[in-house]
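K.L.:
Protein chains in written order, with the numbering used here: chain A, 134 to 344; chain B, 134 to 344.
Positions of the beta carbon are idealized from the N, C-alpha and C atoms, including for glycine.
These numbers were taken from a predicted model, which means no experiment stands behind them.
Below you'll find the structure I mean.
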DNA sequence: GTCTATAGATTGATAGAC
DNA sequence: GTCTATCAATCTATAGAC
């Protein structure tokens, strides 16, 4: 088996197990058994369990953040061209749509999105920082862009609402792997496209509420 | 030391550690050392670590849910009296305000709210069910009440938006124990009263957005 | 009810042969 | 790079003296 095969199998297995069972609740033995690789290969290729988590998150989040940043910058540039304020809905869409499109691109991607959705509220600082270090730059870009789009909102209020938006998103991202609750009559859950549209509608309304 | 002292010390310590370090990342040794009780006393009083978690959640969540249910029923009764539809904002307030008031009542309460905020996205089914079993009844009450308040929303959309609301709330609840992110200019975070008002405004706007 | 002592299983990590 | 074997530490849970 080539090196890249083994590394990829470990990354894929870790992504699945960290998302579905949790980081601390996943043992290297469970992981290497699922990935059909030797126990020692994790430490050989990644150094430690912590570094493996870092690698799992970087592999997917760096490309995703690049796409989100490009889309946000496109919205800003187009607004500048016609000397208008950027559109808040277009900015939210630039941030949310790539996330949800990526989520539907493969089962592994769905696990990954669930994993980073939960990272926001992860109690263990090592785990949380692993995600936050990669997420902060794009959040700052989004904050600055939304501040241009909605100059009437004070920075403190905008920051608070951006926190609310992250909370809403992270919950939707976590819902990937398990239905969270249903009422007794169990209305059919929305399909993925309708869910994204409803999500954008919801966070936009909350973001634009009068101060 | 009396029995109730020991039980309470264990519950208080478990609440703090489960919230701040996570359930799987908290060992009984760390817990009994923090609570200044003997290692064996946890299994004597609670039977197992899982049952301890159950006890930690029940102690606070049952009274909190009773208050939330009473307030929701009061809103419904008052609307019935004047033959009007119940007010969606009043219903959200009945659900959210007791949560946030309780959160500010003591450091232990703040830890607890952080703990149950995270339970919604907990990957471990045992841990998640421990919370969900106690939370489902009140969520069904809230769903039914909001369905009366906003009959124009289809059940599927209302359910989806209630999920969004739970996501927003759970993130705010988790923010208890650690600031999640700040932008470079770091606007002062809102004080707790302003935060609750902003939260209600945000989720109400999202809930009432045109379908 | 509280304690010591320990069983019995599992963990992350590594040394060393191939 | 991959493997076996194992270390040292940690875990939950319990038996049994007091």
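For a test of the three-state rule: what should DSSP assign to residue 141(B), helix, strand or coil?
P.N.:
Indexing the second chain from 1 puts residue 141(B) at position 8. Looking at residue 141(B) - three-state DSSP - the assignment turns out to be helix.
K.L.:
Considering Cα atoms alone, identify which of 142(B), 246(B) and 297(B) is closest to residue 195(B).
P.N.:
For the purposes of this step, residue 195(B) is taken as the residue at position 62 of the second chain. Scanning 142(B), 246(B) and 297(B) for the CA closest to the CA of residue 195(B) turns up 246(B).
K.L.:
Of all the alpha helix (DSSP H) runs that stay within the bounds of the region 255-314 of chain B, which reach a length of 4 or more residues?
P.N.:
258-282 and 288-307
K.L.:
Between the alpha carbons of residue 176(B) and residue 161(A), how many angstroms are there, rounded?
P.N.:
By 1-based counting over the second chain, the position of residue 176(B) is 43. By 1-based counting over the first chain, the position of residue 161(A) is 28. When rounded, the distance between both Cα atoms is 28 angstroms.
K.L.:
Under 8 angstroms Cβ-Cβ, which residues of chain A neighbour residue 154(B)?
P.N.:
Along the second chain, one-based indexing puts residue 154(B) at 21. Residues of chain A passing the Cβ test: 256 and 257.
K.L.:
Less than 8 angstroms between the beta carbons of residue 290(B) and residue 249(B), yes or no?
P.N.:
Taking the second chain and counting its residues from 1, the one referred to as residue 290(B) is at position 157. Taking the second chain and counting its residues from 1, the one referred to as residue 249(B) is at position 116. Going by C-beta atoms, residue 290(B) is not nearer than 8 angstroms to residue 249(B).
K.L.:
For chain A, find out if any of its Cβ atoms is closer than 8 angstroms to the Cβ of residue 274(B); answer yes or no.
P.N.:
As a working mapping, residue 274(B) is identified with position 141 in the second chain. With 8 angstroms as the cut-off, residue 274(B) does not count as an interface residue toward chain A.
K.L.:
Between residue 290(A) and chain B, is any beta-carbon pair separated by less than 8 angstroms?
P.N.:
Here residue 290(A) corresponds to residue number 157 of the first chain, with the count starting at 1. Yes, its Cβ sits closer than 8 angstroms to a Cβ of chain B.
K.L.:
Hey, is the region 290-307 of chain A in contact with the region 318-331 of chain B, meaning 3+ C-beta pairs nearer than 8 angstroms?
P.N.:
yes
K.L.:
When the cut-off is 8 angstroms and only beta carbons count, does residue 251(B) lie next to chain A?
P.N.:
As a position in the second chain, residue 251(B) is number 118, starting the count at 1. Yes - at least one Cβ of chain A is within 8 angstroms of the one on residue 251(B).
K.L.:
List, in order along the chain, the chain A residues whose C-beta lies closer than 9 angstroms to that of residue 303(B)?
P.N.:
For this step, residue 303(B) is matched to residue 170 along the second chain. What residue 303(B) touches in chain A: 254, 300, 303 and 304.
K.L.:
How big is the Cα-Cα spacing for residue 344(A) and residue 145(B)?
P.N.:
Counted from its first residue, the first chain places residue 344(A) at position 211. Counted from its first residue, the second chain places residue 145(B) at position 12. Spanning the two alpha carbons is a distance of roughly 38 angstroms.
K.L.:
Under 7 angstroms Cβ-Cβ, which residues of chain A neighbour residue 157(B)?
P.N.:
Looking up residue 157(B) in the second chain gives position 24. The answer, in chain order, is 155, 157 and 158.
K.L.:
Look up residue 217(B) in the DSSP assignment and say whether it is helix, strand or coil.
P.N.:
For the purposes of this step, residue 217(B) is taken as residue 84 along the second chain, with counting starting at 1. DSSP places residue 217(B) in coil when its eight states are reduced to three.
K.L.:
Need the endpoints of the alpha helix (DSSP H) that residue 250(A) sits in, please.
P.N.:
The residue labelled residue 250(A) in the question sits at position 117 within the first chain. Taken as a continuous stretch (DSSP letters only), the alpha helix (DSSP H) holding residue 250(A) covers 240-252.
K.L.:
Please say whether residue 260(A) and residue 252(A) have beta carbons closer to each other than 8 angstroms?
P.N.:
Numbered from its first residue, the first chain carries residue 252(A) at position 119. Numbered from its first residue, the first chain carries residue 260(A) at position 127. Yes; because the gap between Cβ atoms is below 8 angstroms, this pair is in contact.
K.L.:
Shorter than 8 angstroms from the beta carbon of residue 139(B) to some beta carbon of chain A?
P.N.:
Taking the second chain and counting its residues from 1, one reaches residue 139(B) at position 6. Cβ-Cβ to chain A under 8 angstroms: no for residue 139(B).
K.L.:
So, using beta-carbon positions, are residue 165(B) and residue 171(B) closer together than 8 angstroms?
P.N.:
In the second chain, the residue the question calls residue 165(B) occupies position 32. In the second chain, the residue the question calls residue 171(B) occupies position 38. Yes, the Cβ-Cβ distance between residue 165(B) and residue 171(B) is below 8 angstroms.
K.L.:
Take residue 168(A) and list the residues in its own chain whose beta-carbon comes closer than 6 angstroms to its own, dropping the five residues that flank it on each side.
P.N.:
As a position in the first chain, residue 168(A) is number 35, starting the count at 1. Answer for residue 168(A): 142, 143 and 146, listed in chain order.
K.L.:
Using a cut-off of 7 angstroms between C-beta atoms, extract the partners of residue 334(A) located in chain B.
P.N.:
Taking the first residue of the first chain as position 1, residue 334(A) is located at position 201. Ordered by position in chain B, the residues that pass the 7 angstroms Cβ test against residue 334(A) are 342.
K.L.:
If residue 174(A) and residue 207(A) are in contact, beta carbons under 8 angstroms, what's the gap, nearest whole angstrom?
P.N.:
For the purposes of this step, residue 174(A) is identified with residue 41 of the first chain, where counting begins at 1. For the purposes of this step, residue 207(A) is identified with residue 74 of the first chain, where counting begins at 1. Contact flag wrong, Cβ pair sits at about 42 angstroms.
K.L.:
Starting from residue 156(B), follow the alpha helix (DSSP H) in both directions and report where the run begins and ends.
P.N.:
Translated into the one-based positions of the second chain, residue 156(B) becomes position 23. Run containing residue 156(B): none; DSSP gives neither H nor E here.
K.L.:
When the Cα of residue 296(A) is compared with those of 299(B), 297(B) and 304(B), which residue comes out closest?
P.N.:
As a position in the first chain, residue 296(A) is number 163, starting the count at 1. With distances taken between Cα atoms, residue 296(A) lies closest to 304(B).
K.L.:
Between which residues of its own chain and residue 271(B) is the CB-CB distance below 7 angstroms, once the five residues before and five after are set aside?
P.N.:
Translated into the one-based positions of the second chain, residue 271(B) becomes position 138. For residue 271(B), where only same-chain residues beyond five positions count, the Cβ hits under 7 angstroms are 198, 201 and 202.
K.L.:
Taking the straight line between their C-alpha atoms, what separation do you get for residue 148(A) and residue 244(A)?
P.N.:
Residue mapping note: residue 148(A) aligns to position 15 of the first chain, counting from 1. Residue mapping note: residue 244(A) aligns to position 111 of the first chain, counting from 1. Take the alpha-carbon of residue 148(A) and the one of residue 244(A): they are about 6 angstroms apart.
K.L.:
What residues from the region 160-192 of chain A come within 9 angstroms of chain B, judged by C-beta to C-beta, listed N to C?
P.N.:
none
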